[in-house]
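Here is the structure we will look at.
Listed below in structure tokens is the structure:
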């Protein structure tokens, strides 16, 4: 208004041409002091209305804000309770899973140790008992087989020894037929058959015997009559001495054959026990390794679950703090 009045001095067409009948009341801090309105009833009324309306609006605003705050608080409380409930459920499940993995890992670790220790001890003791039983069984079973093998080896040795002396038949029979399991160790019977079929007298009297080899053998074992009291037929004694040497060698060969057959039977039985033991040992080792792998997997799962649970808890704590703020 002051500006308009100031400008109206230079513009006569906006100059007032009548006297105002009312007093102008202009709120201006430049030319009207506030103290002039202290006693003005109208201004007091205006101020009171303004204060009352302002207070009323502030109260309404405060009520609306309180309602909004309450709603936000209730919503936050619901969210917090929901988070807490979910956290409890998840925490319970995760803890159960963690404890289950941990217990399973510890239990399986104990089982692996038990299998490795007690299984090895048990297998070792069973191996000893099995070896003893297998040895005894092999000796029992190989007795008959060894006896047969010994007899066969003895017969072959006697026949081979006689064949080297150019003796091919005895009592008109082939040696394989004449010499059997019952008489191959009876040197007297064999010597008598040789003395009867092959006359050794010419060999010691300067004549020609059955063969040079035979005569050489007879002369090598010849005992003069004066050195053999009561034995007029000293040539028979020489044959008997030679045959006894062959039979003795055959008995030694037969005993070796029996021992060899027994050793082979025992070795076969012990090899079977060793193979079974090795298979059991391999199975135990494989079982222990498998259990240890499972334990390792369980521990890895446990650590992963624990790390994830802690990470989730930290995030939820931060979120809860933000909601509380």
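Residue numbers (the numbering used here): 4 to 328. Even for Gly, the Cβ is constructed at its ideal location relative to N, Cα and C.
Asked: Own chain partners of residue 200 with C-beta closer than 8 angstroms, once the 5 adjacent residues on each side are dropped; Found: 172, 173, 174 and 175
Asked: Local Cβ density within 10 Å of residue 49, reported as buried at 16 or more and exposed below that; Found: exposed
Asked: Limits of the unbroken alpha helix (DSSP H) element including residue 193; Found: 190-200
Asked: Reduced DSSP category for residue 177 - H, G, I as helix; E, B as strand; rest coil; Found: strand
Asked: Residues near residue 184 by beta carbon distance below 6 angstroms, same chain, minus five either side; Found: 154
Asked: Whether residue 270 touches residue 191 by CB criterion (8 angstroms); Found: no
Asked: Completely contained alpha helix (DSSP H) runs for the region 258-291, where each covers 4 or more residues; Found: none
Asked: Residue 256 beta carbon less than 8 angstroms from that of residue 152; Found: no
Asked: Contact check, residue 180 vs residue 204, beta carbons under 8 angstroms; Found: no
Asked: Reference residue 136; option with closest CA among 276, 53, 221 and 324; Found: 276
Asked: Extent of the continuous alpha helix (DSSP H) to which residue 204 belongs; Found: 204-208
Asked: Residue 299 to residue 283 span [Cα, whole Å]; Found: 24 angstroms
Asked: Where the alpha helix (DSSP H) containing residue 184 begins and where it ends; Found: Note, residue 184: premise wrong, no alpha helix (DSSP H); not H, not E.
Asked: Inter-residue spacing [alpha-carbon to alpha-carbon] between residue 157 and residue 202; Found: 26 angstroms
Asked: For residue 2, the nearest candidate out of 150, 286 and 241 (CA to CA); Found: In the structure displayed, the chain extends from 4 to 328; residue 2 sits before or after that span and is not available.
Asked: Residue from 306, 77 and 159 with nearest C-alpha to residue 187; Found: 159
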